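> Submitted below is the structure of interest, expressed as structure tokens.
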Amino acid sequence: MYYYINKPDYSKMTEEQKKEQEGPNLFNAKVLDTILDDDSEQFLQLIQQREDINFEFKLTNYKLPELLLYGPPIACVCLFFNSEKCFYSMVNQMADGIESAKLKKKDRMGRGLAHFCAFGGNLNIFRELNQA
Numbered sequence: 001m002y003y004y005i006n007k008p009d010y011s012k013m014t015e016e017q018k019k020e021q022e023g024p025n026l027f028n029a030k031v032l033d034t035i036l037d038d039d040s041e042q043f044l045q046l047i048q049q050r051e052d053i054n055f056e057f058k059l060t061n062y063k064l065p066e067l068l069l070y071g072p073p074i075a076c077v078c079l080f081f082n083s084e085k086c087f088y089s090m091v092n093q094m095a096d097g098i099e100s101a102k103l104k105k106k107d108r109m110g111r112g113l114a115h116f117c118a119f120g121g122n123l124n125i126f127r128e129l130n131q132a
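Residues 1 to 132, numbered by the working numbering, are exactly what the sequence shown covers, in order.
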């Protein structure tokens, strides 16, 4: 899965630098844990703290599969790990559902939901996306 690789040297940082370093990583690590557990309730509680619930996923101090290193939207991360409950709980929060413009986001390599469905092997959602 993923593991810690670059623990920063906190002894050389100010409190502000520590918060800046840890904040996004801690939040995204929590989100990733809920995705891996497919815990849709905890997942929704976390993502609703963000202005855009389909935010760019980024962890700088964990080793991740290479496909996740290019800032995929969080919906794509759900599909990569085959977390259907988390994915659908996010979709249900969007006014247009599976056809929402928020779900059209791509990573920095131009890959979107269909790509991450394929990577994760989720044919059911892949078929649904193609019908939308």
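Note that the Cβ used here is the ideal one computed from N, Cα and C, for glycine as well. Every value quoted in this text rests on a predicted model; they were computed, and no experiment measured them.
Residue ranges of each alpha helix (DSSP H) run of no fewer than 4 residues wholly in the region 55-90, ordered along the chain?
Whole alpha helix (DSSP H) segments, 4+ residues: 74-80.
> Of the residues LEU59, MET109, GLU99, which one's Cα is nearest the Cα of GLU128?
GLU99
> Decide if ALA95 is buried, meaning its Cβ has at least 16 other Cβ atoms within 10 Å, or exposed.
exposed
> Return the CA-CA distance between GLN42 and ASP107, expressed in angstroms with no decimal places.
24 Å
> If you draw a straight line from the alpha carbon of ILE35 to that of GLN93, how long is it in whole angstroms?
16 Å
> Which residues in the same chain have their Cβ closer than 8 Å to the Cβ of MET1, if we skip the five residues on either side of it in sequence?
With a pLDDT of only 47 at MET1, under the threshold of 50, the placement of this residue in the model should not be trusted, and no figure is reported.
> Output the boundary residues of the alpha helix (DSSP H) element that contains SER125.
The displayed chain sequence assigns Ile, not Ser, to residue 125. Taken as a continuous stretch (DSSP letters only), the alpha helix (DSSP H) holding ILE125 covers 123-131.
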